[in-house]
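Colleague: Pasting a structure below so you can have a look.
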Amino acid sequence: MRTLLFQLTGWMLFSSIVALAEASSAQDRAAQPNCQDPQTQLDMNLCAAKAAQTADRTLNQVYRRVRAIYQGTALDKQLIDAQLAWMTFRAENCTFAKRRFEGGSIAPMIEQSCMERLTRQRTEELASFLERDKL
Numbered sequence: 120m121r122t123l124l125f126q127l128t129g130w131m132l133f134s135s136i137v138a139l140a141e142a143s144s145a146q147d148r149a150a151q152p153n154c155q156d157p158q159t160q161l162d163m164n165l166c167a168a169k170a171a172q173t174a175d176r177t178l179n180q181v182y183r184r185v186r187a188i189y190q191g192t193a194l195d196k197q198l199i200d201a202q203l204a205w206m207t208f209r210a211e212n213c214t215f216a217k218r219r220f221e222g223g224s225i226a227p228m229i230e231q232s233c234m235e236r237l238t239r240q241r242t243e244e245l246a247s248f249l250e251r252d253k254l
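For the sequence shown, the numbering used here gives the first residue as 120, with consecutive numbering after it.
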C-alpha cells in the first residue's frame, strides 16, 4: 500500500510539472503579441516595451558611430557627459509620465512609449551630428 501511495504521489507530482511546463509554454507564446494589432492592454504594454528596446538598440548603434568621430578629441568627454545626462533625463521624465497613471494597467505602456519617443528623438539628434561632423 505504501509503495502504491508513493507511486501515485510521484505520478501526481510528474503530472503537475508537465502541466506547469505546458502552461509556461502557452504563456511564452502569449508573450509574443501581434504588435501590428494588439488586442489587450498587456499586448500593448509588451509591444511598447519591444518598440522601446528596438529604439534603444538603434540609438546605441548611432551613438557608437558618433563616438568614433570624436574619440581622442576634446569633445569626447563632453559627448559622454551629455549622453549620461540625457539618459538620466529620459529615465526621470518617463518615470514621471508613468506615475501619473500609477496603479493603472496602462502605466507600463505610458513609460515605454515615452522611452521610445525620447530615444528616437535623441537618435535623430545624434545622427545629425554624423552628417555635420564627418571628418
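By construction, the Cβ of each residue, glycine as well, lies at the ideal position given by its N, Cα and C atoms.
Look at the alpha carbon of Tyr189 and the alpha carbon of Ser247, and state the distance between them as a whole number of angstroms.
Modeller: 14 Å
Colleague: Count the other C-beta atoms from every protein chain shown that fall within 10 angstroms of the C-beta of Leu249, then say buried if there are 16 or more, exposed otherwise.
Modeller: exposed
Colleague: Would you call Ser224 buried or exposed, if buried means 16 or more other Cβ atoms sit within 10 Å of its Cβ?
Modeller: exposed
Colleague: Three or more beta-carbon pairs under 8 Å between the region 222–240 and the region 159–175, yes or no?
Modeller: yes
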